[in-house]
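Peer 1:
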Amino acid sequence: MTEGVTTLSAAAPLARPILSRDDWIMRWGMLVLGVWLSVAVVLPLYTLLSKGLEDHAGRFVGLANFAEFFATPVLFNSIYNSLTIAIISTVITITLAFVYAYALTRSCMPGKGIFKGIAMVPILAPSLLPAISLVYLFGNQGMIKGVLMGETIYGPIGIVMGEVFWTFPHALIIIITALSMADARLYEAAESLGTSKLRTFFTVTLPGARYGVISACFVVFTLVITDFGVPKVIGGQYNVLATDVYKQVIGQQNFQMGAVVGMVLLVPAVLAFIADRIIQRKQVALISARAVPYHPKPKTRFDMAMMGFCCVVGFMILGIIAVDAFASFIQLWPYNLTLTLYNYDFDLRDGGGWASYRNSIVMASYTAVIGTVIIFAGAYLVEKIRGFTVIRSLVQFMCIIPLAVPGLVLGLAYIFFFNHPDNPLEFVYGTMAILVICTVTHFYTVSHLTATTALKQMDPEFEAVSMSLKVPFYKTFWRVTVPVCVPAILDISIYLFVNAMTTVSAVVFIYSADTTLASVAVLNMDDAGEVASAAAMGMMIVCTSAGVRVLHALLTRGIARASQAWRVR
Amino acid sequence: MRVRELCQKSALFVAAAAVGLFALGLGGGAALAKTQLLVYTAIEADELAMFKREFEKDYPDVNVKWVRDSTGIVTAKLLAEKNNPKADIVWGLAATSLVMLANEGYFQGYAPKGLDKLDPAYVDSQNNPPLWVGQRAWIASVCYNTVEGKKKGLPLPTSWQDLTKAVYKGHVVMPNPNSSGTGFLDVSSWLQLWGEEKGWKFMDGLHKNIAWYTHSGSKPCKQAASGEIPIGISFAYRGAKSKNKGAPLEIVAPKEGLGWDIEAFGIVRNTKNLAAARNLADWSVTLKANKIYNKEYAVVAMPGVAKPVKNFPKDITKKMIKNDFAWAAANRMRILKKWQSRYGAKSLPKKK
Numbered sequence: 001m002t003e004g005v006t007t008l009s010a011a012a013p014l015a016r017p018i019l020s021r022d023d024w025i026m027r028w029g030m031l032v033l034g035v036w037l038s039v040a041v042v043l044p045l046y047t048l049l050s051k052g053l054e055d056h057a058g059r060f061v062g063l064a065n066f067a068e069f070f071a072t073p074v075l076f077n078s079i080y081n082s083l084t085i086a087i088i089s090t091v092i093t094i095t096l097a098f099v100y101a102y103a104l105t106r107s108c109m110p111g112k113g114i115f116k117g118i119a120m121v122p123i124l125a126p127s128l129l130p131a132i133s134l135v136y137l138f139g140n141q142g143m144i145k146g147v148l149m150g151e152t153i154y155g156p157i158g159i160v161m162g163e164v165f166w167t168f169p170h171a172l173i174i175i176i177t178a179l180s181m182a183d184a185r186l187y188e189a190a191e192s193l194g195t196s197k198l199r200t201f202f203t204v205t206l207p208g209a210r211y212g213v214i215s216a217c218f219v220v221f222t223l224v225i226t227d228f229g230v231p232k233v234i235g236g237q238y239n240v241l242a243t244d245v246y247k248q249v250i251g252q253q254n255f256q257m258g259a260v261v262g263m264v265l266l267v268p269a270v271l272a273f274i275a276d277r278i279i280q281r282k283q284v285a286l287i288s289a290r291a292v293p294y295h296p297k298p299k300t301r302f303d304m305a306m307m308g309f310c311c312v313v314g315f316m317i318l319g320i321i322a323v324d325a326f327a328s329f330i331q332l333w334p335y336n337l338t339l340t341l342y343n344y345d346f347d348l349r350d351g352g353g354w355a356s357y358r359n360s361i362v363m364a365s366y367t368a369v370i371g372t373v374i375i376f377a378g379a380y381l382v383e384k385i386r387g388f389t390v391i392r393s394l395v396q397f398m399c400i401i402p403l404a405v406p407g408l409v410l411g412l413a414y415i416f417f418f419n420h421p422d423n424p425l426e427f428v429y430g431t432m433a434i435l436v437i438c439t440v441t442h443f444y445t446v447s448h449l450t451a452t453t454a455l456k457q458m459d460p461e462f463e464a465v466s467m468s469l470k471v472p473f474y475k476t477f478w479r480v481t482v483p484v485c486v487p488a489i490l491d492i493s494i495y496l497f498v499n500a501m502t503t504v505s506a507v508v509f510i511y512s513a514d515t516t517l518a519s520v521a522v523l524n525m526d527d528a529g530e531v532a533s534a535a536a537m538g539m540m541i542v543c544t545s546a547g548v549r550v551l552h553a554l555l556t557r558g559i560a561r562a563s564q565a566w567r568v569r
Numbered sequence: 570m571r572v573r574e575l576c577q578k579s580a581l582f583v584a585a586a587a588v589g590l591f592a593l594g595l596g597g598g599a600a601l602a603k604t605q606l607l608v609y610t611a612i613e614a615d616e617l618a619m620f621k622r623e624f625e626k627d628y629p630d631v632n633v634k635w636v637r638d639s640t641g642i643v644t645a646k647l648l649a650e651k652n653n654p655k656a657d658i659v660w661g662l663a664a665t666s667l668v669m670l671a672n673e674g675y676f677q678g679y680a681p682k683g684l685d686k687l688d689p690a691y692v693d694s695q696n697n698p699p700l701w702v703g704q705r706a707w708i709a710s711v712c713y714n715t716v717e718g719k720k721k722g723l724p725l726p727t728s729w730q731d732l733t734k735a736v737y738k739g740h741v742v743m744p745n746p747n748s749s750g751t752g753f754l755d756v757s758s759w760l761q762l763w764g765e766e767k768g769w770k771f772m773d774g775l776h777k778n779i780a781w782y783t784h785s786g787s788k789p790c791k792q793a794a795s796g797e798i799p800i801g802i803s804f805a806y807r808g809a810k811s812k813n814k815g816a817p818l819e820i821v822a823p824k825e826g827l828g829w830d831i832e833a834f835g836i837v838r839n840t841k842n843l844a845a846a847r848n849l850a851d852w853s854v855t856l857k858a859n860k861i862y863n864k865e866y867a868v869v870a871m872p873g874v875a876k877p878v879k880n881f882p883k884d885i886t887k888k889m890i891k892n893d894f895a896w897a898a899a900n901r902m903r904i905l906k907k908w909q910s911r912y913g914a915k916s917l918p919k920k921k
């Protein structure tokens, strides 16, 4: 062992390659990316941590704030509430999503495309929207409140219902992927051995999908515990950690306590994240080169049952959106049911009026464009750089951090970092730029992973050939890599756009009078009691996201056909 | 080939847009000729557009920019910015908050032209020239939904004490005084009416009946208007406004007396737009401005202007308590802290 190390270190200087111009450029690029991520991720989080250890005047007080937190039963109680809600919501969402995904991948029911499309609808809406609909459905004046049999929707029941709606597509995407990777030979073997259907399900299907299901569990758990849109609207007096952060910071301007609750919120999110990473590492390739893709065979009764289930779930999803749309056109629920556009007159209400809708479009466009450039170029550098291993793994780590940081925590960290009078970057505070930086960072990791996956699919021989022909790497990047990766690039940009339209949690702390946003306006209008207008603005967001989605689908089809022709032999 | 060009061109466009954003972020708003007046306010959003329009008609070279939020939020925000105030003028904020901020040295004195025409009770009497000047008063009221009240067998409450009766359990909402100015004037008025001990005891009783505390002062009345919760402790303007829209509401002025506060303005000490801030101050004490105030509010600073407002309780002005703003301002922080520790979480079982 020792010998090996010595040999290696002795050999290293000899083997060190001469750095080409390309290497230098890429290293500088990597450094720039590292600095960017430090400013956007690491330093704000550090500031947040130190803020939790200060008093109002900024003096260091150690863990006094934490002691106060744990001594305040009101706040401490929220931990219990948050965990309860998150666990119940996760169990329900995963169960529903698993059956739905099973129907989509393992049955021959008709209309799979439509059902998949319907299931994705909640992604287009801010989490406040299902909560508003639930008030109209099950509130004290609700359309079908009898269903609850006297229980109140304001509290845990309402929160869980809203969260299940909102997290459903996130779980579904992951489980669909897990269930799609099946080796038909295993099923054939099971069948020829006379194994019962149920036994096959438990010995072949479930083990095959277990990593996907576990991953989906963690995703849903984290989304629920960090979301504050649903509990804000429908939580009544049932306090959870996420609403506590908001109440402390916005309602009482108690930033120190906000920082403390934010850090408490960070713990379960980070734990879930680490656990997921460890489990994913254990996953071995299930699909070997000899695997035969599984194709479901038609079985009328099973297919009909699956379709029935999907119809029920799909009806609920569309129903929630429809209720919201309906409510937005009603003069005064429930006494005056005349249809009106009055609720769309946002300029008469809190939240910034129509300007906030325009701001959201601008913000989402900038986020999509700038975010895609930074994230894709960054992923390229991380993937293709030669040597520079320490900085490379550091940057790679920083690309993954945002996934573990709840939006509320990120937004709060941004206040502390960017609003500090000694920060040379203070000038971005209160501008559109900080909203864009924050949103790009918030959704960095998923986009980064998408880009990395696309880049990994490319044969490294392109680089090797270019290099031997003395073509600089940026030309190869421009002429080969970018065109080949067009579908991934478009996916990243649409993901960023839609999330920028719907996000509330991070930006609620850093918008200013000039940069109010539509999603935050939904929250503010609901706070002021203008629920119908909040529903109306929610509809504007859903329609915009959906419109952009459709546009994206058409664009992808056109460009992909032209640029992806090489994939077809 | 064409695809590649397309991709490259769009990527170039993207890069240009990226550069553009940061240029915009850096130099944004530098080249505007009008004076930008940054006004912090707690006036209801549905009135702000009208105020802006009417003021800018008279002073076309000033552009009013509102920063609006609930009273508690605006106050907290101003306090947070104490060392480096961003606002030019605070306008339409509770006098209790203005007195407190004035004690912190937030404002510079200014006597607007025509100040002598106002009721002296509405003007800062401690300083000359005054640090703050009142515009109009907003008054607590209870919104009662007649349809739901009848359905649930809830009698029309006529006093604050009525609201502590067991029959109203879970049927009352009120604003959280930490975020809402209306919530604070209620709490402050109860403490002034009955003294600390009896006041807090009343709130203990009321707390048992409260369904939840809202963030804003308007929401209780809006929830009463939609019947979500039949009784909302709010303020008269919000109640009248909802009733005018057709909500089945009765606006009640409890007989013990009504909390109220003055909406007032003060010019921030370090404003860079002093002339424009003074323009707004001058405009705010004119007859025209007072007539606009009266459109929605029954009590304004200029005597003899106010006409009764549609759907306000008839004898509302007679029931206004004798409000000690100095006391309220001096005790605001203490009261809010105590309130928060007693009623901060509705769901928590009370330890006794």
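Protein chains in written order, with the numbering used here: chain U, 1 to 569; chain P, 570 to 921. Built from N, CA and C at the ideal position, the CB exists for glycine as well.
By Cβ distance below 8 Å, which residues in the same chain neighbour P/Leu917 in space, the five residues on each side in sequence not counted?
Peer 2: At P/Leu917 the pLDDT is 38, less than 50, meaning the model places this residue with poor confidence and gives no usable figure here.
Peer 1: Among P/Tyr609, P/Ala709, P/Val869, whose alpha-carbon lies nearest the alpha-carbon of P/Gly801?
Peer 2: With distances taken between Cα atoms, P/Gly801 lies closest to P/Ala709.
Peer 1: Of the choices P/Phe804, P/Leu606, P/Lys812, whose alpha-carbon is the least far from that of P/Met889?
Peer 2: The residue with the shortest Cα to Cα distance from P/Met889 is P/Phe804.
Peer 1: Residues of the stretch 494 to 523 of chain U with a CB closer than 7 Å to any CB of chain A: list them in chain order, please.
Peer 2: Among the chains of the structure shown, chain A does not appear; the protein chains present are U and P.
Peer 1: Assign P/His740 to buried or exposed, taking buried as 16 or more other Cβ atoms, counted over all protein chains shown, within 10 Å of its Cβ.
Peer 2: So P/His740 counts as buried.
Peer 1: Quick one: is U/Ala269 near chain P, going by C-beta distance under 7 Å?
Peer 2: So no, U/Ala269 is outside the interface.
Peer 1: Determine, using beta carbons only, whether P/Ala645 comes closer than 7 Å to chain U.
Peer 2: Yes, P/Ala645 counts as interfacial toward chain U.
Peer 1: Are three or more beta carbon pairs between the stretch 365 to 372 of chain U and the stretch 491 to 505 of chain U nearer than 8 Å?
Peer 2: The stretch 365 to 372 of chain U vs the stretch 491 to 505 of chain U: in contact.
Peer 1: Going by the beta-carbon positions, is the gap between U/Asp276 and U/Phe326 smaller than 7 Å?
Peer 2: Taking 7 Å as the Cβ cut-off, U/Asp276 and U/Phe326 do not qualify as a contacting pair.
Peer 1: Using three-state DSSP, classify U/Val267 as helix, strand or coil.
Peer 2: Of the three classes helix, strand and coil, the one that applies to U/Val267 here is helix, per DSSP.
Peer 1: Any C-beta of chain U within less than 9 Å: which residues of the stretch 624 to 636 of chain P qualify?
Peer 2: So the close ones are Lys634, Trp635, Val636.
Peer 1: Would you say P/Lys788 reaches chain U, if we count a Cβ-Cβ gap shorter than 7 Å as a contact?
Peer 2: So, interface residue.
Peer 1: Below 6 Å, is the gap between the Cβ of U/Ala125 and the nearest heavy atom of the ligand ADP?
Peer 2: Among the components modelled here there is no ligand, and therefore nothing to report on the ligand ADP.
Peer 1: Can you have a look at P/Cys792 and say buried or exposed, based on whether 16 or more other CB atoms are within 10 angstroms of its CB?
Peer 2: The sequence given here places Gln at residue 792 of chain P; Cys does not occur at that position. The residue in question, P/Gln792, is buried, as its Cβ has 16 or more Cβ neighbours within 10 Å.
Peer 1: Hey, does P/His776 have any beta-carbon neighbour from chain U nearer than 7 Å?
Peer 2: So, not an interface residue.
Peer 1: Can you find the residues in the same chain that come closer than 6 Å, C-beta to C-beta, to P/Ala592, ignoring five residues on each side of it along the sequence?
Peer 2: With a pLDDT of 48 at P/Ala592, under the threshold of 50, the modelled position of this residue cannot be trusted, and the question is left open.
Peer 1: Starting from P/Gln792, find everything on chain U with Cβ-Cβ shorter than 7 Å and list it in chain order.
Peer 2: Near P/Gln792 (Cβ distances below 7 Å), the residues of chain U are Gly529.
Peer 1: Under the three-state reduction of DSSP, which class applies to U/Thr338: helix, strand or coil?
Peer 2: Here U/Thr338 sits in strand by DSSP.
Peer 1: Pick helix, strand or coil for U/Phe228, following the three-state DSSP scheme.
Peer 2: Looking at U/Phe228 - three-state DSSP - the assignment turns out to be coil, as it is neither helix nor strand.
Peer 1: Pick helix, strand or coil for P/Lys954, following the three-state DSSP scheme.
Peer 2: Residue coverage of chain P in this structure runs from 570 to 921, which leaves residue 954 of chain P outside it and unanswerable.
Peer 1: Enumerated in chain order, which unbroken segments of the alpha helix (DSSP H) with a length of 4 residues or greater are wholly contained in the stretch 173 to 203 of chain U?
Peer 2: Those alpha helix (DSSP H) runs which fall completely within the stretch 173 to 203 of chain U and span 4+ residues are 184 to 192, 197 to 200.
Peer 1: Quick check on DSSP: helix, strand or coil for P/Ile708?
Peer 2: In this structure, P/Ile708 counts as strand in the three-state DSSP scheme.
Peer 1: Indicate whether the contact test is met: 3 or more Cβ pairs, each with one atom in the stretch 656 to 668 of chain P and one in the stretch 633 to 643 of chain P, closer than 8 Å.
Peer 2: Flag = yes, the stretch 656 to 668 of chain P and the stretch 633 to 643 of chain P touch.
Peer 1: Say whether chain U places a C-beta atom closer than 7 Å to the C-beta of P/His784.
Peer 2: Taking Cβ atoms only, chain U reaches closer than 7 Å to P/His784, which makes this a yes.
Peer 1: The beta strand (DSSP E) with U/Leu332 in it runs from where to where?
Peer 2: That run of the beta strand (DSSP E) goes 330 to 332.
Peer 1: Identify the residues that DSSP records as bridge partners of U/Tyr474: which are they?
Peer 2: BP columns for U/Tyr474 are empty, so no partner.
Peer 1: Look at the alpha carbon of U/Tyr100 and the alpha carbon of U/Val362, and state the distance between them as a whole number of angstroms.
Peer 2: Roughly 36 Å separates the two Cα atoms.
Peer 1: Would the beta-carbon of P/Phe881 fall within 7 Å of that of P/Thr665?
Peer 2: No.
Peer 1: If you scan the stretch 401 to 462 of chain U from start to end, which runs of the alpha helix (DSSP H) of 4 or more residues do you find wholly inside it?
Peer 2: For the stretch 401 to 462 of chain U, whole alpha helix (DSSP H) runs of length 4 or above, ordered along the chain, are 407 to 418, 432 to 442, 444 to 456.
Peer 1: CA-CA distance, U/Leu435 and U/Tyr511?
Peer 2: Answer to the nearest angstrom: the Cα atoms are 7 Å apart.
Peer 1: How should U/Trp28 be labelled, buried or exposed, when 16 other C-beta atoms within 10 angstroms of its C-beta is the threshold for buried?
Peer 2: Counting Cβ neighbours within 10 Å, U/Trp28 comes out exposed, since fewer than 16 surround it.
Peer 1: Would you say P/Trp660 faces chain U, with C-beta separation under 7 Å as the test?
Peer 2: So no, P/Trp660 is outside the interface.
Peer 1: For P/Val636, list the residues DSSP reports as bridge partners.
Peer 2: Paired residue(s): P/Tyr609.
Peer 1: Check each candidate in U/Ile214, U/Ser393, U/Phe477 and name the one with the smallest Cα separation from U/Ala464.
Peer 2: Ranking U/Ile214, U/Ser393, U/Phe477 by Cα distance to U/Ala464 puts U/Phe477 first.
Peer 1: List, in order along the chain, the chain U residues whose C-beta lies closer than 8 Å to that of P/Asp923?
Peer 2: This structure cannot speak to residue 923 of chain P, because chain P is shown only from 570 to 921.
Peer 1: Which residue comes first and which comes last in the alpha helix (DSSP H) that contains P/Ala858?
Peer 2: P/Ala858 -> alpha helix (DSSP H) spans 856 to 865.
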